[in-house]
DNA sequence: CTATAACCGAGACGGTACGTCACGTCTTGGT
DNA sequence: ACCAAGACGTGACGTACCGTCTCGGTTATAG
């Protein structure tokens, strides 16, 4: 069941690893995911192609890792959501921030690339959920639990479902460009989600 | 000074058009979107490559057309939703059907391919919304208006938002494989959406 | 028994064919056979690698053809040997010329390349004999027959053997650098060969 | 300012040296010279690549050494030619044996490899002549001197030339596959050489 | 009797070239 | 004019080896 050739990870060149991931990130921003090539990454990173193939199984895996690396460092505590005691206000703040983030053209290419990868590769999807989505989601749920304790959300609300109802429409509009992505939309989503899961 | 290339659509070979679209559909199902090539489509269709390039601007466009063709024929009236008078029951019926459809491995490859295209190509996204999404959406909204008239939905409910809250989480789970996609989930979504937009 | 893919020779680009052969010849002279690469030939010829692989099966075949092309044009009559009536004088003239030719550094690289190919590829060896060696050999034998008629050579002399005795030592010295390659050696070879095959 | 690299020969691992040479010989026989790689030799010999590069300057040098090793052991006296008093009979015996040796497919690959190396590398050619060719040649010349003393060969015959006239045609036919290599040919060569250098 | 310097196995590394695939353009001959 | 066929220049693929460069580990003299 093990892979046929297992390079010795202790000998791995950290310099090369970082250079490859950096080059991949830069190139995605510059030429987009579709026109990204392993050769270009290797050239930009000053690395032999084999060094990429030795440690990653596909272009998608490199790209994925390069984006994953972005969200690291701030692992754990750093990603708590604001808690003013007013769940509606706090969620609107957060969703408006998300909307603003999506509007940043800098994030456009990499995030579309990431989604393209995840849609077509179940394995990467699993890693994505574990490494990138899960911590953020947990932070969000923590805030929701606080709201439940404060009686602002039904005590038996399915928090996963709540988050999906809240975020999926946002993500869909952005991905499919199926409608305006503005503060009004963010607010409307928060209102709808809170209505759907209010106490009583 | 005139545009360099304007093929005469009246002379277009219908036989070739159909063969290309059919070949594209078959190949997507067989090898997936990523490994699909124009050359393979041409070979399978018994067509010169130029005949493809003459009428479509990119691989995505061919693929897109080939999938678009699937949803045609039943244009207009055919896609009305059930209306038993009970919006909750009707929506659950429809969403459960959608869930079942997504579970069909036959649809897997083409729909993921379609989404990959749409995510990365704004123009195709527009055509998709106009040609494929809009008619279906309109049918759904028609049913919702009926529910509004029956007092089962708030009179001022934003129907677009309602549909997004209802369908986006479904689509997201399927695309990202972020959770089970079953009848229970469908029912929970309908319940949440109806709670968010109930009258009063 | 036919090759798996047979390109249409009538469509072949003469421009590319000539450019490839020319580039190959130039590069052999410049960098030698061992360091010659298909990629370099393609680049120099302004041609895609596939165009080379389409028409030749190996680097050796290209190189071989490029050298073969050199000896064409003068096919047939052009290669008669001098016939003054004195076979000894004539052979010495010819062998001294051959010695001089071998001393030309311009010929060094290509001819060594040619021999390397022929030694290791029986098929190329056969083509070489038929296309390059045979015509020259026939011309030489014609001169020897004239000498036989003049009574300067045994009437029953094996002319093939005569030529081998005459030329093989020359070629060997050059290839293996096993001794000086000068006029004295040429003369000595002619003397020995004539002694071995004199009349009576 | 001293030479950068001077491995200490006294510390050299004999086990590795032999394993490398053996592996090289085996691989030449198995895959031929052209497809032989340093990495394959190292792997087969259970040796690090550096150990090869430390002691040999090129692939050719390794191959050459591996073949050279074959002809050692019997250095010096062992390689005397038969001397029955009849030079014609003795030479025919020897040449027929050589012909038989060339027909052995076991020798095919290595000897062609050796020649390929020698043709393209003047330095190896010099070593070859000194280490492999010279002793054999001296033995042959010793037999010829005996024939001269017996009056079977011209007293002033150039023995080097004699050997070239005798052996070069043989080697050429084998290398270029330019004709049958049989006993008849061997006999004809001996006859021709003896005619060329007979007394008087 | 260490220690310290070389060789050694292993194999990661930056590279070059391989031979293949598909791209999108262009040309030819047939309908 | 459109079409099937496919040659072409281009560029990327993933693989094989190149020759160099660390890494421990193991000898085998020199202190």
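Protein chains in written order, with full-length UniProt numbering: chain A, 1 to 200; chain B, 1 to 200; chain C, 1 to 200; chain D, 1 to 200.
We treat Cβ as the ideally placed atom computed from N, Cα and C, and that holds for glycine.
Simplified DSSP state of residue i, which is helix, strand or coil
i	result
residue 149 of chain A	helix
residue 94 of chain B	helix
residue 189 of chain A	helix
residue 35 of chain A	coil
residue 47 of chain C	coil
residue 200 of chain D	coil
residue 179 of chain A	coil
residue 85 of chain B	coil
residue 65 of chain B	helix
residue 12 of chain A	coil
residue 56 of chain B	coil
residue 155 of chain B	coil
residue 105 of chain A	helix
residue 80 of chain D	coil
residue 160 of chain B	helix
residue 7 of chain B	coil
residue 1 of chain A	Here residue 1 of chain A scores only 42 on pLDDT, less than 50, and its place in the model should not be relied on; the value that follows carries that caveat. Residue 1 of chain A falls in the coil class under three-state DSSP.
residue 143 of chain A	helix
residue 75 of chain B	Summary for residue 75 of chain B: the model assigns pLDDT 49, below 50, so the residue's position carries little reliability, and this model does not support an answer.
8 Å Cβ cutoff met for residue i and residue j
i	j	result
residue 87 of chain B	residue 153 of chain B	yes
residue 169 of chain C	residue 165 of chain D	yes
residue 143 of chain D	residue 95 of chain D	no
residue 34 of chain C	residue 115 of chain D	no
residue 28 of chain C	residue 47 of chain C	no
residue 79 of chain B	residue 59 of chain B	no
residue 186 of chain A	residue 99 of chain A	yes
residue 64 of chain A	residue 174 of chain A	no
residue 188 of chain B	residue 158 of chain A	yes
residue 68 of chain C	residue 110 of chain C	no
residue 176 of chain C	residue 125 of chain D	yes
residue 172 of chain D	residue 171 of chain C	yes
residue 178 of chain A	residue 129 of chain B	yes
residue 151 of chain D	residue 105 of chain D	no
residue 122 of chain D	residue 195 of chain C	no
residue 40 of chain C	residue 52 of chain C	no
residue 83 of chain A	residue 16 of chain A	no
residue 71 of chain A	residue 132 of chain A	yes
Any non-hydrogen atom of the ligand PLP closer than 7 Å to residue i Cβ
i	result
residue 195 of chain B	Ligands in the displayed structure: none, and consequently the ligand PLP is not present.
Would you list, in chain order, the members of the region 110-138 of chain D that have their beta-carbon closer than 7 Å to a beta-carbon of chain C?
Answer in chain order: 112, 115, 116, 118, 119, 120, 122, 125 and 129.
Residues in the region 161-175 of chain A with C-beta within 7 Å of chain B's C-beta atoms, listed in sequence order?
Residues passing the 7 Å Cβ filter: 161, 164, 165, 168, 169, 171, 172 and 175.
Near-chain B residues of the region 175-192 of chain A - C-beta to any C-beta below 9 Å
So the close ones are 175, 176, 177, 178, 179, 185, 188, 189, 191 and 192.
Tell me which residues of the region 84-108 of chain C have at least one Cβ-Cβ distance to chain D shorter than 8 Å, keeping chain order.
Under the 8 Å Cβ criterion, the region 84-108 of chain C contributes no residue.
Contact residues within the region 22-41 of chain B, judged by C-beta distance below 9 Å to chain A:
Listed in sequence order: 32, 33 and 34.
Between the region 145-156 of chain D and chain C, which residues of the former have CB atoms less than 9 Å from a CB of the latter, in chain order?
Considering only beta carbons, no part of the region 145-156 of chain D lies closer than 9 Å to chain C.
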